[in-house]
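K.L.:
Here it is, the structure in full.
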Amino acid sequence: MDSSQLQTLVHSSDLELSETVQSALAEIERLKPDRVVFDSLSEIRLLSQGSLRYRRQVLALKSYFLLSNATVLLLDDLTAEHDDLNLHSISHAVIRMEQLSPTYGGERRRLRVIKMRGVEIRGGFHDFVIRPGGVIVFPRLVAGDHDTGEVSSPARSDSSVDTLLGGGLARGTSTLLIGPSGVGKSTVASTFCHAGLMRGESVLVLLFDETKRIFLARAAGIGLDLQPFVDKRLLLLEKVNPAELSPGELSSRIQSAVEQGDARIVVVDSLTGYLNALSEEQHLVLQMHEILTYLNQKGIVTILLLANHGLIGQMAVPVDMTYLCDSVMLLRFFESDGRLRRAISVVKKRVGPHEDTIREFRIGASGLVVGEPLGQFRGILTGVPSYLGKEADLLANDTP
1230 MDSSQLQTLV
1240 HSSDLELSET
1250 VQSALAEIER
1260 LKPDRVVFDS
1270 LSEIRLLSQG
1280 SLRYRRQVLA
1290 LKSYFLLSNA
1300 TVLLLDDLTA
1310 EHDDLNLHSI
1320 SHAVIRMEQL
1330 SPTYGGERRR
1340 LRVIKMRGVE
1350 IRGGFHDFVI
1360 RPGGVIVFPR
1370 LVAGDHDTGE
1380 VSSPARSDSS
1390 VDTLLGGGLA
1400 RGTSTLLIGP
1410 SGVGKSTVAS
1420 TFCHAGLMRG
1430 ESVLVLLFDE
1440 TKRIFLARAA
1450 GIGLDLQPFV
1460 DKRLLLLEKV
1470 NPAELSPGEL
1480 SSRIQSAVEQ
1490 GDARIVVVDS
1500 LTGYLNALSE
1510 EQHLVLQMHE
1520 ILTYLNQKGI
1530 VTILLLANHG
1540 LIGQMAVPVD
1550 MTYLCDSVML
1560 LRFFESDGRL
1570 RRAISVVKKR
1580 VGPHEDTIRE
1590 FRIGASGLVV
1600 GEPLGQFRGI
1610 LTGVPSYLGK
1620 EADLLANDTP
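For the sequence shown, our numbering puts the final residue at 1629, and the numbers step up evenly by one.
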């Protein structure tokens, strides 16, 4: 071995660390940059071979950059066995970035600002994505940070459903439509959307369970032609893939539609699909509470759809959202003389009066038809009402 390579008094890491740092500082002196990125500090940590020496080296770098008036980003890939808190105390700001891998679907990325000296920060985790052009961060929605919007006349559906609701849905309120799959929740929501579009209002519909084509075709089948409003960009249809979209990005889309697209009605079809986007139920409730509070403050009419488990028999909802909503409409199937029929009722409305009756409704080519109040029901609270009245009181049968 060559004698110049022999080292007896100084450890090899001492020379390697010194040479590495001096080489970096020499390049900085030559370029005199305004921003410097160290990628990554794990190399310096390995060369330091000890937390004390590592901390001293980082402190020396900090003192050097304070004199150079440069903004420095120190990247750490967290290869240490334990979370290294040495950098937290000597850094002006600390941002932690994480990547989560769910059992199914794309990865979820989030960040948290641990500290930021002299600046008020928004705590908690914020979702972000990496896309062509850079990183997009979706700050956590805080309803209290937003101004209150104007409240105008109630939103009507221009159908007999308005009679059940005592004249329509008040602005700045949320309404929950509960019922089994196929009972007509989306159709009822579509009538409010169409009426709002006819008034010149912008409407946002978040589709979790069906495609845009099916949504438009179903609406056209009951006499609601929504395609012209899509072409005019008054109707904003968003197909949401719960496996790929993070909850933070969904909140950002809603906020953008309200503040930039001037949406006055927001429909979530359905909460059942939204629930599948989150791994834990309490996260859904907390985030939906923040979203509804924000929309209510903005004077938006929010319509949420929630499907029961199953089609017949005892049906339970996957999550209790009734206490968050200002109004709750119950849609049910019932049987009479061998025919499957539909019933609708309003069980809760915080703002204004509403009917406490049950009405039969039918969905046909001419739209939504609501019949007269029916009083001969049994087992309403069980979720499977039975009609004991006269056949003549029901809506006339349509000939196929």
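Even glycine gets a Cβ: it sits at the ideal position worked out from N, Cα and C.
Do A1418 and I1532 have their C-beta atoms closer together than 8 Å?
P.N.:
Result yes, Cβ atoms of A1418 and I1532 sit closer than 8 Å.
K.L.:
Please return the same chain residues whose Cβ sits closer than 8 Å to the Cβ of L1210, not counting the five positions on each side in sequence.
P.N.:
The structure shown does not extend to residue 1210, since the chain is modelled only from 1230 through 1629, so no value can be given for it.
K.L.:
Let's see if you can read the secondary structure: which residues bound the beta strand (DSSP E) around I1196?
P.N.:
In this structure the chain extends from 1230 to 1629, so residue 1196 is not present and cannot be described.
K.L.:
Near L1270, what residues of its chain come up, given a Cβ to Cβ distance below 7 Å and the 5 sequence neighbours on each side ignored?
P.N.:
Excluding sequence neighbours, L1270 sits near L1303, L1304, D1305.
K.L.:
Can you look up M1427 in the DSSP assignment and give me helix, strand or coil?
P.N.:
DSSP places M1427 in helix when its eight states are reduced to three.
K.L.:
Using a Cβ-Cβ cut-off of 6 Å (strictly less than) and excluding sequence neighbours within five positions of R1338, which residues of its own chain qualify?
P.N.:
The answer, listed in chain order, is Q1328, F1357.
K.L.:
Looking at the secondary structure, which residues open and close the beta strand (DSSP E) in which S1403 lies?
P.N.:
Note, S1403: beta strand (DSSP E), 1403 to 1408.
K.L.:
Kindly indicate which residue of P1409, S1386, G1408, I1407 has the alpha-carbon position closest to the one of L1398.
P.N.:
With distances taken between Cα atoms, L1398 lies closest to S1386.
K.L.:
In whole angstroms, what separates the C-alpha of M1550 from that of I1324?
P.N.:
Taking the straight line from one Cα to the other gives about 34 Å.
K.L.:
What number of angstroms, rounded off, separates the C-alpha of V1449 from the C-alpha of G1353?
P.N.:
Before going further, note that residue 1449 is Ala rather than Val in the sequence given. Taking the straight line joining both Cα atoms gives about 44 Å.
K.L.:
Can we say the stretch 1482 to 1502 touches the stretch 1410 to 1427, given the rule of at least three CB pairs closer than 8 Å?
P.N.:
With the cut-off at 8 Å, the stretch 1482 to 1502 and the stretch 1410 to 1427 touch.
K.L.:
Hey, how far is the Cα of I1596 from the Cα of L1453?
P.N.:
At residue 1596 the sequence reads Gly, which differs from the Ile that was named. Approximately 8 Å, taken between the alpha carbons.
K.L.:
So, with DSSP's three-state summary, where would you put K1441?
P.N.:
In the structure shown, K1441 sits in a helix (DSSP, three-state: H, G or I).
K.L.:
Buried or exposed, going by whether 16 or more other CB atoms sit within 10 Å of the CB of T1501?
P.N.:
It counts as buried.
K.L.:
Taking I1451 as the reference, which of S1431, N1470, E1430, S1415 has the closest Cα?
P.N.:
If we check each option's Cα against that of I1451, S1415 comes out closest.
K.L.:
Using a Cβ-Cβ cut-off of 8 Å, state whether T1392 counts as contacting chain B.
P.N.:
This model lacks chain B altogether, as it is built from one protein chain only.
K.L.:
Could you have a look at Q1328 and say whether DSSP puts it in helix, strand or coil?
P.N.:
Strand.
K.L.:
Is it a yes or a no for the stretch 1357 to 1371 touching the stretch 1380 to 1396, going by three-plus beta-carbon pairs under 8 Å?
P.N.:
Counting Cβ pairs under 8 Å, fewer than three are found: no touch.
K.L.:
Let's see if you can read the secondary structure: which residues bound the beta strand (DSSP E) around I1343?
P.N.:
Here the beta strand (DSSP E) through I1343 covers 1337 to 1345.
K.L.:
According to DSSP, is V1239 part of a helix, a strand, or is it coil?
P.N.:
Its pLDDT being 41, under 50, V1239 is placed unreliably by the model, and nothing is read from it.
K.L.:
Could you tell me whether the stretch 1405 to 1414 touches the stretch 1457 to 1476, using the rule of 3 or more Cβ pairs below 8 Å?
P.N.:
Too few Cβ pairs lie closer than 8 Å, so no.
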